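*Asks:* Chains as they are written, first to last, in the working numbering: chain A, 1 to 402; chain B, 1001 to 1402; chain C, 2001 to 2156; chain D, 3001 to 3156.
One structure, as structure tokens, below. Some questions next.
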Amino acid sequence: MNLSNIKKEFPIFNNSSLVYLDSANSSQKPQSVINRINDFYSNEFSNVGRSVHALSIAATNNYENTRVSVQKYINAKSKDEIIFTKGATEAINLVANTFGQKYLKENDEILITELEHHSNYVPWHYLRQIKGIKVEFAEIDQHGSVSIENIEKKINSKTKIIAVTHVSNVTGAILPIKEISQLAHSKNIPVLVDGCQGAPHLKLDMQDFDCDFYAISCHKMYGPTGLGILYAKKKWLEELPPYQGGGGMIKEVKKNNITYADLPNKYEAGTMQTAQIVAFKESIKFIENLGIENVMNHEKKLMDYAVEVLRKNNSVKLIGNPKEKSAAISFTIEGIHPHDIATILDEDNVAIRAGHHCCQIFHETLGIPATARASLGIYNTKEDIDRLNSSINKCKKIFNLK
Amino acid sequence: MNLSNIKKEFPIFNNSSLVYLDSANSSQKPQSVINRINDFYSNEFSNVGRSVHALSIAATNNYENTRVSVQKYINAKSKDEIIFTKGATEAINLVANTFGQKYLKENDEILITELEHHSNYVPWHYLRQIKGIKVEFAEIDQHGSVSIENIEKKINSKTKIIAVTHVSNVTGAILPIKEISQLAHSKNIPVLVDGCQGAPHLKLDMQDFDCDFYAISCHKMYGPTGLGILYAKKKWLEELPPYQGGGGMIKEVKKNNITYADLPNKYEAGTMQTAQIVAFKESIKFIENLGIENVMNHEKKLMDYAVEVLRKNNSVKLIGNPKEKSAAISFTIEGIHPHDIATILDEDNVAIRAGHHCCQIFHETLGIPATARASLGIYNTKEDIDRLNSSINKCKKIFNLK
Amino acid sequence: MNTKELYQEIILEHGKNPRNLRKTENFNKDAKGHNPLCGDIVHIYLKLNEKKKLEDISFEGSGCAISMASASIMTDLVKGKEENEVKEIINDFLGMIKINPELKSKNLKDDEKTKLMCLSGVKQYPMRVKCATLSWHTLISAIDNKKEEINTEKFD
Amino acid sequence: MNTKELYQEIILEHGKNPRNLRKTENFNKDAKGHNPLCGDIVHIYLKLNEKKKLEDISFEGSGCAISMASASIMTDLVKGKEENEVKEIINDFLGMIKINPELKSKNLKDDEKTKLMCLSGVKQYPMRVKCATLSWHTLISAIDNKKEEINTEKFD
Ligand SMILES: Cc1ncc(COP(=O)(O)O)c(C=O)c1O
Ligand SMILES: Cc1ncc(COP(=O)(O)O)c(C=O)c1O
């Protein structure tokens, strides 16, 4: 496989002039992933784990093979540290709920940042409502990132967990999560990383990052919808209570008591997303075949080009200018509301996103109600950026800007 | 479409002698559902709701169209009463968690039955652990069902919610849920129905059942894995707090407070199972095209035949003999453990399930550690039952029984 | 569908220079509206006299061209009309923007209808219908003295 | 693979008439095991003398033919052996049932190896490996005085 003609691995780009710049929202799917889903349902379908017939045994093996693929890909110590969830949102809810239940009491503090996606704020807000804990926000800096200093400033003896995004889905800023883990651990505070925007674009190494929890959305990583991953250090998964209750996560069920299964089953209640999990192995394989270094290199070049082109374009104002930047860029145009931009671009088959991108705190802090965002996937090209730019020029023409 | 040659709508039966009698675990998928997933990912993929580009608008419409299909199919009053979940397990956890949070306090009672699947017990057990509420069990009768009298006996002034299965996944017993709702409502108690085994086989009419909550697993209903549905009366969804927190379920997010979106979004946090939801419309269409009356009729005939054949077979003991019976039948053979039966049947390509079927309470009550279960889907035939029976005879031969 | 039809001159013009973008002195009714998707916000102020005639209407807020133009055109058209006439016009507009091919209201003159129909292009853009209707829903809310803020984060 | 290989005469016979299915009087070590998937349960009783020799071993429990036969054959083979020999045999068996093509233990005679290899058919049935290994894991637990009940509800 070759990055230069990678678009043809994605059927959605066949016979279409689509410029898809909304991958931070959800990525397109390669043929190999789609085929695997198809094959699995057509020839191999069974539920996993519970039946002893051959289809079920094969499905269970496939299911567990994906877990091992993920473990290796993110360099986790054990496959028991890989929990399949509905998405990153569920992964973060799982941690907030169980950690909150076991370890948090009134006036304890949770430290998040002003960059966080609602998925990494609302679950903590619940604890504020239910338990009276406090949610603190580390401030964004002038580049649209959050420095380690700004995090350190907000840590105090009441801080019980730090929850930060790996990469901002608005500015693309990459946070120094290894350093954040070091800092936090020096004060005995665990760290949750919202890896939604990191996982599809950066090299993942849990043992190097040393964070306690890392949440991934598989649908942003060239995988099926309805699937996410929670990586968590084994000691946490062993200590925390289970999250959802149901079939498959129990050891013994009596009328007066219930004991729970060992890891990872303890956190996988009910029938899971069998087909999606089986197929996600192909997503990992797809990225591995390209090589994550090549992907990073390709996306960095493209992003540098996008920044250059948009910066030259009068009236376009880039939001944030982080030194370490991944695959998302947001902007405004004085005199044109982002939703009007998105609608006009759409007519040229250029798909971007406009709004607050589930980051109302960030937008409020900057005092802008909405931004337009272009986000990259491995299938994007310089031509896509050029098409973005010329469609922006069309907007300006319609709105009589120069 | 015609029930007599329906097997060919399911690709897994092409060129294979598979006798699939494990549909209570998960059903096979028709070609139309598989194709829809394929098409959606190949040509139409986008996340829903949040972007204004054309792909996203079309995806959002498809997504909401499934909601309307489900609403009509189950005869719910409003489409806002249809919440998409990961599965029935999540649906029940959602209710137990939010209802427990808002309405339950120490010593309150939850009434379930000895027939319940672990998914309709463990979530309530959590409340026992966290809040000190009590879980009571209505007893099974000699037919392997739970009579309305046995439910009534356990209701008292402390009973705050009744949670019962529509159909037992072990004995196939159909519970009188309309009468249970009437009884419960006469005492002002809400009713949750675990509809996992009812939804694929029976006519669904929420306004007639009048239950407050009904949980469905789409993967047992010829739909994709990783998808379930919670039906709930609107007043409950309006009154109960939200469950998971994240993107898409909020109205306004401030640093000191958060308000939540209107129904149904309030309960759909994060990126949902877009492709699976879009495709599930085809599952509904598939059942509608056959006609649920025809399906019921077909499955009843088949089940009567299975009962007749197995009853004639020496050494086979049927578990339970409910008058109202749906598509599952469990049995034991004196002298052969169910897991040995399942393994030997598997060699003949007859897939059944052996174990406690996530119903340890039921098995403990009966004093049997495990049973063998054959469960039907619309694709099963009399020949399948005959093959089951002759493989059972092979078991007996291997184990020298007569 | 062509964005030229959506972004007609008149919309761009009202979007850039909205009429009645101010706060009515001595207003006696008001309501706020919010479209969380776009971040559009609007605050509508009314002065209804004893005869239920809309003596003045104004708005504050910010948003996309469609929502600003819609609020601007709306306030222009309903000013001076009676409460029941206003309600009838609102219904007519909301009906048109969803399904009806044209406006039917007897309370609108032909040139007023032509002006309003400039917003009809939005029909082709379901996610943008919310932008066009926000100020209208908020006006109902103000007239009816509803306490809750109008919010468009609903699919319909 | 043919179920005849799995359900060999010797397994069916041990399954039907398990040896040592009783409770050792004056046992000094014991442990329980459970396979929640099948509902198999086993309780193992040992009598180890001062020289760490296994004077007696017995079991109570119920389960499928594979698990009963495995417990029966196991107890027969290890009785009278020394603790370290027993541990070595257990390792050898668990290694064989997972990956090794044959048994290597010096503490087993050839006919004992042949008997144990009757259980090797289970390799082809991953979900049933748990049935064959339950009593063996439980025996380790008894020897090591582990408190927790052995449970096979793990994927491995
Ligand atoms: C009666 C019953 N309830 C609940 C469940 C749980 O459903 P799911 O695993 O799809 O969440 C099942 C199926 O396993 C069932 O049969
Ligand atoms: C930074 C970030 N966090 C969390 C999420 C939520 O992920 P999901 O919606 O897949 O649960 C997203 C994506 O929407 C995101 O970009």
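We put the CB at the ideal spot given by N, CA and C, even for glycine.
Every value quoted in this text rests on a predicted model; they were computed, and no experiment measured them.
Mind reading off the beta-carbon distance from LYS402(A) to ASN314(A)? Whole number of angstroms is fine, and I expect it under 8 Å.
*Replies:* At roughly 7 Å, the Cβ-Cβ gap stays under 8 Å, so LYS402(A) and ASN314(A) are in contact.
*Asks:* Helix, strand or coil: how does DSSP classify ILE1216(B) here?
*Replies:* ILE1216(B): strand per DSSP, three-state reduction.
*Asks:* What separation, rounded to the nearest whole angstrom, lies between the Cα atoms of GLU239(A) and LYS233(A)?
*Replies:* Roughly 10 Å separates the two Cα atoms.
*Asks:* Quick check: what's the CA-CA separation for ASP3030(D) versus LEU3054(D)?
*Replies:* Taking the straight line from one Cα to the other gives about 12 Å.
*Asks:* Rounded C-beta distance between SER56(A) and VAL48(A)? I'm assuming under 8 Å.
*Replies:* Right, their Cβ atoms sit about 6 Å apart.
*Asks:* Taking 8 Å as the threshold (C-beta atoms), are PRO1322(B) and SER1181(B) in contact?
*Replies:* Cβ distance not < 8 Å, so SER1181(B) and PRO1322(B) don't count as in contact.
*Asks:* Note down the Cα distance separating ARG128(A) from GLN1129(B), rounded to an integer number of angstroms.
*Replies:* Approximately 21 Å, taken between the alpha carbons.
*Asks:* Please confirm whether VAL95(A) and PHE213(A) have their CB atoms less than 8 Å apart.
*Replies:* Yes, Cβ-Cβ distance for VAL95(A) and PHE213(A) is below 8 Å.
*Asks:* Taking only the alpha-carbon atoms, compute the straight-line gap between SER172(A) and SER326(A) and give it to the nearest angstrom.
*Replies:* With the sequence shown as reference, residue 172(A) is identified as Gly, and Ser is not the correct amino acid for it. The straight-line gap from Cα to Cα measures roughly 5 Å.
*Asks:* Measure the C-alpha to C-alpha separation of PRO11(A) and GLU2013(C) and round it to an integer number of angstroms.
*Replies:* The straight-line gap from Cα to Cα measures roughly 42 Å.
*Asks:* Shortest alpha-carbon distance to VAL2122(C) belongs to which of SER375(A), THR343(A), ASN61(A)?
*Replies:* Of the listed residues, the one whose Cα sits closest to VAL2122(C) is THR343(A).
*Asks:* Which residues of chain B have a Cβ atom closer than 7 Å to the Cβ of MET2127(C), listed in chain order?
*Replies:* Near MET2127(C) (Cβ distances below 7 Å), the residues of chain B are VAL1052, ILE1057.
*Asks:* Secondary structure at PHE84(A), three-state DSSP: helix, strand or coil?
*Replies:* Three-state DSSP puts PHE84(A) in a strand.
*Asks:* Quick check on DSSP: helix, strand or coil for PHE3059(D)?
*Replies:* The answer is strand: DSSP assigns PHE3059(D) an E or B state.
*Asks:* Taking only the alpha-carbon atoms, compute the straight-line gap between LYS1312(B) and ILE1083(B) and give it to the nearest angstrom.
*Replies:* Their Cα atoms are separated by approximately 45 Å.
*Asks:* At the 8 Å Cβ level, is CYS358(A) part of the contact set with chain B, yes or no?
*Replies:* It does; some Cβ of chain B falls within 8 Å.
*Asks:* Counting along the chain, where does the alpha helix (DSSP H) carrying LYS1397(B) start and finish?
*Replies:* Segment 1382-1398, the alpha helix (DSSP H) holding LYS1397(B).
*Asks:* Mind the definition here: the segment 3038-3053 of chain D touches the segment 2022-2036 of chain C only if three or more C-beta pairs lie below 8 Å; say whether that holds.
*Replies:* No, because fewer than three Cβ pairs between the segment 3038-3053 of chain D and the segment 2022-2036 of chain C fall closer than 8 Å, the two stretches do not touch.
*Asks:* Can you give me the start and stop residues for the alpha helix (DSSP H) that LYS2130(C) sits inside?
*Replies:* From DSSP, the alpha helix (DSSP H) with LYS2130(C) extends over 2126-2143.
*Asks:* DSSP state of SER2120(C), grouped into three classes?
*Replies:* Helix at SER2120(C).
*Asks:* Which residue spans inside the segment 131-171 of chain A form an unbroken beta strand (DSSP E) run of at least 3?
*Replies:* Within the segment 131-171 of chain A, the complete beta strand (DSSP E) runs of at least 3 residues are 134-138, 159-165.
*Asks:* Quick one: measure Cβ to Cβ for PRO1123(B) and PHE1286(B), integer angstroms, because I've assumed they're closer than 8 Å.
*Replies:* Incorrect: roughly 30 Å between the Cβ atoms, too far for contact.
*Asks:* Which one of TYR63(A), SER17(A), LEU21(A) has the shortest CA to CA distance from VAL1052(B)?
*Replies:* Closest by alpha carbon: LEU21(A).
*Asks:* Would you tell me roughly how many angstroms separate the C-alpha atoms of PHE1045(B) and SER17(A), rounded to the nearest one?
*Replies:* Between PHE1045(B) and SER17(A), the C-alpha separation is close to 15 Å.
*Asks:* Quick one: does LEU3012(D) have its CB under 8 Å from some CB of chain B?
*Replies:* Cβ-Cβ to chain B under 8 Å: yes for LEU3012(D).
*Asks:* Report yes if the C-beta of GLY1226(B) is less than 7 Å from at least one heavy atom of ligand 1; otherwise report no.
*Replies:* Result no, Cβ not under 7 Å from ligand 1.
*Asks:* Is THR1089(B) helix, strand or coil when you go by DSSP?
*Replies:* If DSSP states are grouped into helix, strand and coil, THR1089(B) belongs with the helices.
*Asks:* Is the beta carbon of ALA1269(B) closer than 8 Å to that of GLY1247(B)?
*Replies:* For GLY1247(B) and ALA1269(B), yes; Cβs fall inside 8 Å.
*Asks:* If you scan the segment 1292-1316 of chain B from start to end, which runs of the alpha helix (DSSP H) of 4 or more residues do you find wholly inside it?
*Replies:* For the segment 1292-1316 of chain B, whole alpha helix (DSSP H) runs of length 4 or above, ordered along the chain, are 1292-1312.
*Asks:* So which residues on chain B does TYR126(A) lean against when the C-beta distance must stay under 7 Å?
*Replies:* Result: GLY1245.
*Asks:* Whose C-beta lies closer than 6 Å to the C-beta of THR1225(B) among residues of the same chain, with five residues either side of it excluded?
*Replies:* Cβ within range, chain order: HIS1219.
*Asks:* Taking beta-carbon pairs under 8 Å, can you tell me which members of the segment 2029-2047 of chain C lie near chain B?
*Replies:* If the cut-off is 8 Å between Cβ atoms, the segment 2029-2047 of chain C has HIS2034, PRO2036, LEU2037 near chain B.
*Asks:* Beta-carbon within less than 7 Å of MET206(A)'s beta-carbon, same chain only, minus the 5 sequence neighbours each way: which residues are those?
*Replies:* So the list reads ILE74, ASN75, ALA76, TYR214, TYR231, once near-sequence residues are dropped.
*Asks:* Scan the segment 316-386 of chain A and note each continuous alpha helix (DSSP H) run of 4 residues or more that stays entirely inside, going in chain order.
*Replies:* Those alpha helix (DSSP H) runs which fall completely within the segment 316-386 of chain A and span 4+ residues are 338-347, 360-366.
*Asks:* Against chain A, does THR2003(C) count as a neighbour if the rule is that its beta carbon must be under 8 Å from one of theirs?
*Replies:* So yes, THR2003(C) belongs to the interface.
*Asks:* Inspect the beta-carbon positions of ILE1319(B) and THR1381(B) and report whether they are closer than 8 Å.
*Replies:* No, the pair does not count as a contact, with Cβ atoms beyond the cut-off.
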